[in-house]
Amino acid sequence: MAFYLKGVKLSHKKNTSPEKAEKISVNSVTIPMSMHIGRPANAVVKKGDTVAVGSLIGEAAEGLSSPVYSSVSGSVQGVGEILLSNGMTGAAVTIESDGEMTLDSSITPPTINNRDDLINALSKSGIVGLGGAGFPTSIKFKTDKPIEYLIINSAECEPYITSDNYTMLTKADMMEYAIETLVKFFGIKKVIIGIEKNKPKAIAKMRELSGKFNNASVKVLPTVYPQGGEKVMVYHTTGKVVAEGGLPIDVGCVVCNCTTVAEIGKYLKTGIPLVEKVVTVDGDAIENPQNVIAPIGAPIKDVLEFCGIKAEIAKALYGGPMMGISVTDLEKPVLKNTNALLAFSQKQAFVPKTTACIRCGACANNCPFGIDPVAILKSYKEDDYLGMKKAGALLCMECGCCSYVCPAKIPNVQNNKLAKEAIRKEAQREVK
Ligand code: SF4
Ligand code: SF4
63 MAFYLKGVKL SHKKNTSPEK AEKISVNSVT IPMSMHIGRP ANAVVKKGDT VAVGSLIGEA
123 AEGLSSPVYS SVSGSVQGVG EILLSNGMTG AAVTIESDGE MTLDSSITPP TINNRDDLIN
183 ALSKSGIVGL GGAGFPTSIK FKTDKPIEYL IINSAECEPY ITSDNYTMLT KADMMEYAIE
243 TLVKFFGIKK VIIGIEKNKP KAIAKMRELS GKFNNASVKV LPTVYPQGGE KVMVYHTTGK
303 VVAEGGLPID VGCVVCNCTT VAEIGKYLKT GIPLVEKVVT VDGDAIENPQ NVIAPIGAPI
363 KDVLEFCGIK AEIAKALYGG PMMGISVTDL EKPVLKNTNA LLAFSQKQAF VPKTTACIRC
423 GACANNCPFG IDPVAILKSY KEDDYLGMKK AGALLCMECG CCSYVCPAKI PNVQNNKLAK
483 EAIRKEAQRE VK
């Protein structure tokens, strides 16, 4: 498949200051055991247990998984099932906060003497890809292949979101500590921080940071969505192409979001696992759009109310408007990979009427990978799994450009998701 970067120019709508974030407190949290790609953690607490901030409440399962920690101090109300935003149900621990936010007394910084210690520490940190993907970070580094490049994805190309920008402006010290340690123990040759050029202050700050290393640099990238797509970022920072079905490590790259890197630094320095998130709260239903620091598991409603709700919410999203996932219940919690919560009134949340495809080709022409969603849909309707694959369904990163540009308002990205799901189910059937 040819590799392009076309993408789309979007209105940024970044209304929130990236220089400050207020910490919020909540009365209770509901923390799912599945906030990452892979197997859910296993809850290790029960009703009545007392926990502190950073206490282990979910042990990582075997294989691809991540541990989960309490984000408040207080008492466990129970372990129940919740409906997650991806439509799956899973276990979640509800904790009533005592308001003290006492840190677990067992927390100490990890001792790192070698590569295995560092992988072990990353596994225990509970850190997953915080740019939205939720892939357990330790697994990215647990590779026999040499890591030539650490690419720090700081594009933050979705409209509204400024939480990564906040990280770059305020957590450079933590990023520095992480880079130093990762480079030393993983033998990384080069570090590239990729930022879209619409963030001049962050670019200056990251240049200051990269100047402290003899193998680090900042790559200023055009402001084109989806500049932050993992494969797009690899291509635009190194010129390397990750093949369909391949991973960045196949071309010597590990890509980490800048907030993930800062969290790694914080964990290595303090031993405090991932328990809170900087979240951009915005949208036309919000009175005071801003960044907040919320405990993981905080009810979305509490976070939105903290910022003020000025209009009836017709649609709320986890994440940005291009790749965000609809929130069907405002009692749902802030997750490890929640970088934004957007709330829109009916005026902005209306769904446009779909008309017939006019074969204009805008969808394929604006796809970063040149995928043709019309060909995918045709094969999907014919149950032609090979046809869907040949049309590039599995390469689709669900960035939404093809839906955004479609004059007929055809939900191309949703159709692609259906095609990918159909291919997966067919593959499972073949195995059985
Ligand atoms: S959603 Fe998929 S097909 Fe559509 S533009 Fe993005 S990568 Fe291409
Ligand atoms: S952009 Fe829309 S109308 Fe144009 S070819 Fe693609 S699906 Fe059809």
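Letter by letter, the sequence shown follows residues 63 to 494 of this note's numbering. Every residue, glycine too, gets a C-beta built ideally from N, C-alpha and C.
Relative to ligand 2, the beta carbon of C468 is positioned inside 7 Å of a heavy atom. Within the segment 356-394, the runs of beta strand (DSSP E) at least 3 residues long that lie entirely inside it are, in chain order, 377-380 and 387-389. For N428, no beta strand (DSSP E) segment is defined; the enclosing uninterrupted segment is the alpha helix (DSSP H) at A424 to N428. Within the segment 401-447, the runs of beta strand (DSSP E) at least 3 residues long that lie entirely inside it are, in chain order, 402-406. The alpha-carbon separation between S128 and N319 amounts to approximately 17 Å. Under DSSP, no beta-bridge partner is assigned to A470. Secondary structure of A153 (DSSP, three-state): strand.
Across the set K398, A424 and I311, the C-alpha of I311 shows the shortest separation from the C-alpha of E210. Assignment of beta strand (DSSP E) within the segment 193-273, counting only whole runs of 3 or more residues, yields 211-215 and 252-258 in chain order. For K328, the enclosing alpha helix (DSSP H) starts and ends at C320 to T332. A buried status is given to F406, since no fewer than 16 other beta-carbon atoms sit within 10 Å of its beta-carbon. CA-to-CA, the gap between A266 and N276 works out to about 17 Å. Distances between the C-beta of E81 and the heavy atoms of ligand 1 are all 7 Å or more.
Under the three-state reduction of DSSP, A103 is assigned to coil, being neither helix nor strand. Exclusion of the five residues before and after V341 leaves S225, N353, V354, I355, A356, V365, V396, T400, N401, A402 and L403 as the residues of its chain whose Cβ lies within less than 8 Å of its Cβ. Residue nearest to C369 within the set I375, V343 and Y380 is V343 (criterion: CA-CA distance). Distances taken from the Cβ of G462 to the heavy atoms of ligand 1 include one shorter than 7 Å.
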